[in-house]
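Residue numbers (our numbering): 48 to 221.
Pasting the structure below:
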């Protein structure tokens with residue numbers, strides 16, 4: 048009997064129409080909201096190589112919002128999301144100098160993979176990060192429970208940062 052109740056409850060959760068979720072900021076296909084960013088220092092180029100992994104459906108929602116409600120789709124032959132994606136990342140992710148200046152970023156492209164999209168960024172002149180700050184509020188305009196994890200690799204150092212609705216920036220200290 049408990050199995051039947053559990054089965055019915057599980058089935059009802061899976062079949063709930065998305066209109067019931069109107070009061071949420073966005074409809075999701077997964078139970079958690081997270082992004083993963085890796086920042087790798089390239090000593091030869093003296094730059095920071097940044098890869099950001101985000102759920103594609105969440106990213107499309109964020110880009111659609113940025114695009115004044117006009118639907119944005121990632122992947123496929125009609126994909127025209129690169130300019131919006133570059134703008135979105137520059138608004139919600141930054142390395143900030145001690146003088147409170149955002150380091151310039153170059154959007155290199157994206158790569159959809161399964162239910163996620165990898166975004167590639169390069170930050171030239173990344174040879175020093177002393178007294179710099181990382182800012183990351185990706186997707187937080189959509190989800191109150193959004194968590195953004197950053198792994199920073201700089202020479203022999205590795206630092207991990209966790210961002211959420213309460214923590215949007217962190218000092219880089221080695």
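Every residue gets a Cβ at the ideal spot worked out from N, C-alpha and C, and that includes glycine.
Below 6 Å CB to CB, which residues in the same chain sit around residue 97 once its five sequence neighbours on both sides are set aside? Sequence-distant partners of residue 97 (beyond 5 residues in either direction) whose C-beta falls short of 6 Å from its own C-beta, in its chain, are 86, 168.
Within the continuous beta strand (DSSP E) that includes residue 153, where are the two ends? Where residue 153 is concerned, the enclosing beta strand (DSSP E) starts and stops at 153-160.
8 Å Cβ cutoff met for residue 101 and residue 175: The answer is no: Cβ separation not under 8 Å.
Sub-8 Å separation of residue 219 and residue 181 beta-carbons: In this structure, residue 181 lies closer than 8 Å to residue 219 by Cβ.
With a 10 Å radius around its C-beta and 16 neighbouring C-beta atoms as the bar for buried, classify residue 118 as buried or exposed. The residue is exposed, with fewer than 16 neighbouring Cβ atoms inside 10 Å.
Could you check how far apart the C-beta atoms of residue 105 and residue 80 are, in whole angstroms? I think they sit under 8 Å. Right, their Cβ atoms sit about 7 Å apart.
For residue 177, collect the residues of the same chain with a Cβ closer than 7 Å to its Cβ; drop the 5 residues on either side in sequence, then sort them by chain order. Excluding positions up to five away in sequence, the list is empty.
Per DSSP, what kind of secondary structure is residue 218 in: helix, strand or coil? In the structure shown, the three-state DSSP call for residue 218 is strand.
Run the CB neighbour count on residue 130, radius 10 Å, all protein chains shown included, and call it buried at 16 or more, exposed below. So residue 130 ends up on the exposed side.
Once the 5 residues before and after residue 141 are set aside, which same chain residues still bring their CB inside 6 Å of it? Excluding sequence neighbours, residue 141 sits near 149, 182.
So the alpha helix (DSSP H) residue 107 belongs to, where does it begin and stop? It spans 103-113 - the alpha helix (DSSP H) in which residue 107 sits, taken as one unbroken run.
At what residues does the alpha helix (DSSP H) containing residue 83 begin and finish? Per DSSP, residue 83 lies in no alpha helix (DSSP H) segment; the continuous beta strand (DSSP E) that holds it begins and ends at 81-89.
Per-residue DSSP class, three states only, for residue 75: For residue 75, the predicted model reports a pLDDT of 46, less than 50, meaning its position is unreliable; a value from the coordinates is still stated below. Three-state result, residue 75: coil.
Straight-line gap, residue 205 to residue 199 (C-alpha atoms, nearest Å): Answer to the nearest angstrom: the Cα atoms are 6 Å apart.
Among the candidates 120, 157, 202, 197, whose CA atom is the shortest distance from the CA of residue 208? For residue 208, the closest C-alpha among the options 120, 157, 202, 197 is that of 197.
Between residue 215 and the rest of its own chain, which residues show a CB-CB distance below 8 Å, the 5 nearest in sequence each way excluded? The residues 182, 183, 184, 187, in chain order, have a CB closer than 8 Å to that of residue 215 in the same chain once the five nearest residues on each side in sequence are set aside.
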